[in-house]
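Visitor: Below is a structure I'd like to ask you about.
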Ligand code: TMP
């Protein structure tokens, strides 16, 4: 049974950056629940994917150096370990993963038409579709069974997890491996990164939950990798139940860690919810104090995650504007709070005293890049693992 533990209030679609402040926005209630039977943490109510994954989808995975390098390493390691004849990626974004493969060795699925166009133009077989039973049948008929199915930051976005797994089970070859990569729930709880909850993140997975759902479809979670991307993610390796892959020590260790953190208990999530409320109070208090002292505060990175924070904490009145390197976010306004998004070349100037790290998951990359800002006394603010000035 799914029990609600956190209410993050009325929220807009996290990726709906506005051309004009006047546009009427769709809003929904962002509440999160825990299923005591299968240990899944998920949104209580989901948004229609057709509203989210449109031809205007803003996020371009290949724009960050961290992500380009991370996907290159993953692709190299997966090819070396599993030697797949045919690989399929679900949710290929702008091709940041598939570009590490030969064109005839990989096919991809991407429902956002602006992104699917990019990989198609670059010569990759791309299906501009949502992942479901129908498309899995179409692909099976055309390409046969698949040896390696990879999906980063996508499976957690699909509301119907049962259909997702069923479709995977039907298309995965007998020795095939299904690899998914998503933010880790243990890291969210440890670091109080409640902004990992937004409309697209229907689920935030744990190893104990992925293990349970795999079992349900005669599949088996046999290995995991821990990765630092997106503030701490887990790469899950899943095979058919009777396949010869042995369950690894790394997996056993993760299950132990999650069990020790009491992630199968509802009370853990209630405690997390009280820490979230405190985080909101602390962040507002800090920004209020800085504003009183006439400090200029901006936000660094117009991330989807910061949509949750900005709207839950109502931060519009404390933050002057947001800077972001993504061209199709620049000149627009943030969802809900309507803060202007500027190019860093314009907005990250000498008048800035404090920059809230909206893109906290790229903290190291940003701090390395912004040495001049730090040298002249500029400071960063973060809410993770607790509200503080860096
Ligand atoms: P993400 O957390 O959803 O991947 O989004 C990160 C956003 O942060 C993306 O819009 C790009 C932006 N960003 C910057 O503006 N400057 C930077 O130095 C980095 C690393 C990211």
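Residue numbers (my numbering): 729 to 1118. Glycine residues also receive a C-beta, built at the ideal position from the N, C-alpha and C atoms.
1) For residue 856, I'd like the list of residues in its chain whose CB is within less than 7 Å of its CB, leaving aside the five on either flank, ordered along the chain.
2) Hey, quick one: how far does the beta strand (DSSP E) through residue 793 stretch, first residue to last?
3) Can you tell me whether DSSP reads residue 902 as helix, strand or coil?
4) Can you give, in chain order, each stretch of the beta strand (DSSP E) that sits fully within the segment 829 to 853 and has at least 3 residues?
5) From residue 982 to residue 935, what distance separates their C-alpha atoms?
6) Quick one: what does DSSP say residue 992 is sitting in, helix, strand or coil?
7) Any heavy atom of the ligand TMP closer than 7 Å to the CB of residue 726?
8) Which complete beta strand (DSSP E) runs does the segment 1003 to 1039 hold, if anything under 3 residues is left out?
9) Between residue 1048 and the rest of its own chain, which residues show a CB-CB distance below 7 Å, the 5 nearest in sequence each way excluded?
10) Give me the DSSP bridge partner(s) of residue 948.
11) Helix, strand or coil for residue 1081 per DSSP?
12) At a threshold of 7 Å, does residue 823 count as lining the ligand TMP (C-beta to nearest heavy atom)?
13) Indicate the three-state DSSP secondary structure (helix, strand or coil) for residue 934 in the structure shown.
14) Chain B beta carbons: is any one of them nearer than 8 Å to that of residue 1099?
15) Count the other CB atoms within 10 Å of the CB of residue 1013; is the residue buried (16 or more) or exposed (fewer)?
16) Can you give the beta carbon distance from residue 779 to residue 745, rounded, assuming they're within the 8 Å contact cut?
17) Quick one: does the C-beta of residue 886 sit closer than 7 Å to a heavy atom of the ligand TMP?
18) By the DSSP assignment, the beta strand (DSSP E) with residue 878 in it spans what residues?
19) Measuring CB atoms only, is the segment 757 to 776 touching the segment 816 to 827, in the sense that at least three cross pairs come out at less than 8 Å?
20) If you drop the 5 nearest sequence neighbours on each side, which residues of the same chain put their C-beta closer than 6 Å to that of residue 1071?
21) Consult DSSP for residue 782 and reduce its assignment to one of helix, strand or coil.
22) Roughly how many angstroms lie between the CA atoms of residue 965 and residue 811, to the nearest whole one?
23) Specify the secondary structure class of residue 923 as computed by DSSP and reduced to three states.
24) CB-CB under 8 Å to residue 1106, same chain, minus the five flanking residues each way: which ones, in chain order?
25) Please report the straight-line C-alpha distance between residue 788 and residue 1054, rounded to a whole angstrom.
26) Terminal residues of the continuous beta strand (DSSP E) containing residue 1075?
Guide: Taking the coordinates as given:
1) Locating residue 856 in the chain shown gives position 128, where the first residue counts as 1. So the list reads 838, 839, 841 and 844, once near-sequence residues are dropped.
2) The residue you call residue 793 lines up with position 65 of the chain shown. Taken as a continuous stretch (DSSP letters only), residue 793 belongs to no beta strand (DSSP E), being part of the alpha helix (DSSP H) at 793 to 810.
3) As a working note, residue 902 is residue 174 in the chain shown. Here residue 902 sits in strand by DSSP.
4) Complete beta strand (DSSP E) runs here, min 3: 834 to 837.
5) Taking the chain shown and counting its residues from 1, one reaches residue 982 at position 254. Taking the chain shown and counting its residues from 1, one reaches residue 935 at position 207. Answer to the nearest angstrom: the Cα atoms are 7 Å apart.
6) Mapped onto the chain shown, residue 992 falls at position 264. Looking at residue 992 - three-state DSSP - the assignment turns out to be coil, as it is neither helix nor strand.
7) Limits of the chain in this structure are 729 at one end and 1118 at the other, which puts residue 726 out of reach.
8) 1025 to 1028
9) Looking up residue 1048 in the chain shown gives position 320. Once the five neighbours on either side are set aside, the close Cβ partners of residue 1048 are 1024, 1025 and 1026.
10) Within the chain shown, the letter at position 220 stands for residue 948. In the DSSP output, where bridge partners are listed per residue, residue 948 has 967.
11) Position 353 of the chain shown, counting from 1, holds the residue named residue 1081. Coil at residue 1081, not helix or strand.
12) Taking the chain shown and counting its residues from 1, the one referred to as residue 823 is at position 95. Not so, every heavy atom of the ligand TMP lies at least 7 Å from the Cβ.
13) Position 206 of the chain shown, counted from the first residue, corresponds to residue 934. Residue 934 falls in the coil class under three-state DSSP.
14) Here there is only one protein chain, and chain B is not present.
15) Counted from its first residue, the chain shown places residue 1013 at position 285. The residue in question, residue 1013, is exposed, as its Cβ has fewer than 16 Cβ neighbours within 10 Å.
16) The sequence position of residue 779 within the chain shown is 51, counting from 1. The sequence position of residue 745 within the chain shown is 17, counting from 1. Not confirmed; about 14 Å, so no contact.
17) Taking the first residue of the chain shown as 1, we reach residue 886 at position 158. Not under cutoff, so the answer is no.
18) The residue given as residue 878 occupies position 150 in the chain shown. From DSSP, the beta strand (DSSP E) with residue 878 extends over 874 to 880.
19) no
20) By 1-based counting over the chain shown, the position of residue 1071 is 343. For residue 1071, where only same-chain residues beyond five positions count, the Cβ hits under 6 Å are 1058.
21) As a first step, residue 782 is located in the chain shown; it is residue number 54 there, counting from the start. Note: residue 782 maps to coil in three-state DSSP.
22) Within the chain shown, the letter at position 237 stands for residue 965. Within the chain shown, the letter at position 83 stands for residue 811. Cα to Cα, residue 965 sits roughly 15 Å from residue 811.
23) As a working note, residue 923 is residue 195 in the chain shown. Residue 923 carries a helical assignment under DSSP once its states are collapsed to helix, strand and coil.
24) In the chain shown, the residue the question calls residue 1106 occupies position 378. In the same chain as residue 1106, and ignoring 5 residues on each side of it, the C-beta atoms closer than 8 Å to its own belong to 1080, 1081, 1082, 1083 and 1098, in chain order.
25) Within the chain shown, numbered from 1, the residue matching residue 788 stands at position 60. Within the chain shown, numbered from 1, the residue matching residue 1054 stands at position 326. Taking the straight line from one Cα to the other gives about 8 Å.
26) Start at 1 with the first residue of the chain shown, and residue 1075 comes out as number 347. Looking at the DSSP string, residue 1075 is not in any beta strand (DSSP E); the run it does join, the alpha helix (DSSP H), is 1072 to 1075.
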